[in-house]
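S.K.: Take 5 as the starting number for the sequence shown in the numbering used here and just add one per residue.
Ideal Cβ placement from N, Cα and C applies to all residues, glycine included.
Being a predicted model, the structure only gives us computed values, none of them experimental.
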Amino acid sequence: MAEAFNDLALPAARAERYAAVAEEIAAVLDGEPNVTARMATVASMLANSFDHYFWTGFYVVDPERPNELVVGPYQGTLGCQRIAFGRGVCGTAAQTGRTQLVADVHAFPGHIACDSRSQSEIVVPVHGPDGRLIAVFDVDSAEPAAFDAVDQAWLERILATTFG
């Protein structure tokens, strides 16, 4: 079982686990203004808290190419370096501004296979304090249909609280 931090025993139920991790993330990041440090911490703490997470991380809006995402802090195997808005699950989330919950990545039009073991995915748009898109948060799983409304609600909440 994935355990996030030191001696903290996380609850087995998914919603309760997210609640506990969200509280820990907020405590660890209290007073930290650096966005990269915040992203690295969120990716690490979430990746180490959930067994169904295979790849966990951020694709950041490139300030020099505002319609393109570039890989940011993550946990997992090698990620794609760049993803255009509208391309694949991450690019679709960036372009639409809506969370993409994908039960079968192979059925998603234009899916980008950075790692062939990925079977399902959730991608959440991340907005800064001014409401502008700064990144997307991407989680892949080696299990089909690994993500549900609980994952979506909690990830959206954690990311809005951490970066909004």
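Suppose you measure from the CA of G168 to the CA of V128; what does that come to, to the nearest Å?
M.R.: Residue numbering aside, residue 168 sits at position 164 when the sequence shown is read from its first letter. Residue numbering aside, residue 128 sits at position 124 when the sequence shown is read from its first letter. Answer to the nearest angstrom: the Cα atoms are 13 Å apart.
S.K.: My assumption, with CB atoms under 8 Å, is that A24 sits in contact with P15. Please give the rounded CB distance.
M.R.: Counting from 1 along the sequence shown, the entry for residue 24 is found at position 20. Counting from 1 along the sequence shown, the entry for residue 15 is found at position 11. Contact holds; Cβ gap of about 6 Å.
S.K.: Would DSSP call Y57 helix, strand or coil?
M.R.: Taking the sequence shown and counting its residues from 1, the one referred to as residue 57 is at position 53. Of the three classes helix, strand and coil, the one that applies to Y57 here is coil, per DSSP.
S.K.: Using a Cβ-Cβ cut-off of 8 Å (strictly less than) and excluding sequence neighbours within five positions of D184, which residues of its own chain qualify?
M.R.: An answer regarding residue 184 cannot be provided, because it is not within the stretch 5 to 168 covered by the chain.
S.K.: Can you tell me the Cα-Cα spacing of D142 and Q79, whole angstroms?
M.R.: Against the sequence shown, residue 142 aligns to sequence position 138. Against the sequence shown, residue 79 aligns to sequence position 75. In a straight line, the C-alpha of D142 is about 10 Å away from that of Q79.
S.K.: Thinking F62 and M43 are a contact (beta carbons under 8 Å), I'd like their distance in whole angstroms, please.
M.R.: Position 58 of the sequence shown, counted from the first residue, corresponds to residue 62. Position 39 of the sequence shown, counted from the first residue, corresponds to residue 43. Confirmed, about 5 Å.
S.K.: Mapping the DSSP letters down to three states, classify G1 as helix, strand or coil.
M.R.: This structure cannot settle anything about residue 1, because the visible part of the chain is limited to 5 through 168.
S.K.: Measure the alpha-carbon distance for G76 versus L82 and round it to whole angstroms.
M.R.: For the purposes of this step, residue 76 is taken as the residue at position 72 of the sequence shown. For the purposes of this step, residue 82 is taken as the residue at position 78 of the sequence shown. Roughly 11 Å separates the two Cα atoms.
S.K.: Can you tell me where the alpha helix (DSSP H) holding R161 begins and where it ends?
M.R.: Position 157 of the sequence shown, counted from the start, is the residue given in the question as residue 161. Per DSSP, R161 belongs to the alpha helix (DSSP H) from A153 to F167.
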